[in-house]
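The sequence shown runs -16 to -1, 1 to 124 under mature numbering (1 follows the signal peptide of the UniProt record, and there is no 0).
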Amino acid sequence: MEWLLLCALLFRAHFSAVITDARTAKNLKVFPAILSERSLANKISMRIHDNLVLNLEKSSVFSDKFQLITHTKNSKITYHINASDVEHNLYHDTEKDAAIMITDNDDGLRVEGILGDTLRIRPSSVMERNAEGHVAHEII
């Protein structure tokens, strides 16, 4: 199950496919924040909202190089991908069945991925920030 969640997240992060959950009618706005980071252990504690804190570990689900094949109407497209290009921002929380991509740069923290079996998180299309400067995200 964890492997499938990580694969789905990897595909979303690399090819910008749209992940939605048709069963969810209401979006929830949150402002994720990193609470602590242990770089030697490759672990991050992240608050998604007051009732959800993830204890994340670095994820590695592929060999060094792999290929992803997609099909269009008339052709087959093969992508050769270096796992390190994708996995350096990939984390998971096995207890909460979460798999997320984390990007933290000058624009702020961006989180995108799967939170359990029914929820998804992604940066909000509206570039809102809270008082601490954290970027708004949607849980769908």
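The beta carbon of each residue, even a glycine, is placed where N, CA and C say it ideally should be. The model shown is predicted, which means the values in this text are computed figures rather than measured ones.
Within this structure, are the beta carbons of residue i and residue j separated by less than 8 angstroms?
i	j	result
ALA67	SER47	yes
ALA120	LYS13	yes
VAL95	PRO16	yes
GLY97	ILE84	yes
LEU93	ILE18	yes
ILE65	THR54	no
Buried or exposed: where does residue i fall if 16 or more other Cβ atoms within 10 Å of its Cβ makes it buried?
i	result
ALA115	exposed
ARG113	exposed
ALA1	For ALA1, the pLDDT reaches just 35, beneath the cut-off of 50, and the residue's location in the model is therefore unreliable, leaving the point undetermined.
MET(-16)	Unreliable positioning characterises MET(-16) in this predicted model, as indicated by a pLDDT of 45, which lies under 50. The coordinate reading is nonetheless provided below. The residue in question, MET(-16), is exposed, as its Cβ has fewer than 16 Cβ neighbours within 10 Å.
ILE105	buried
VAL45	buried
ILE32	buried
MET30	buried
In the DSSP assignment, what are the bridge partners of residue i?
i	result
ALA82	ASP77 and LEU99
PHE15	Answer is none; PHE15 lacks a bridge partner.
VAL119	ARG113
GLU71	Answer is none; GLU71 lacks a bridge partner.
ASN39	SER29
With a cut-off of 8 angstroms on the beta carbons, I'd call residue i and residue j a contact; round off their distance for me.
i	j	result
GLU122	ASN35	16 angstroms between Cβ atoms; not a contact.
Check whether the segment 67 to 78 and the segment 33 to 40 are in contact - that is, three or more C-beta pairs closer than 8 angstroms. yes
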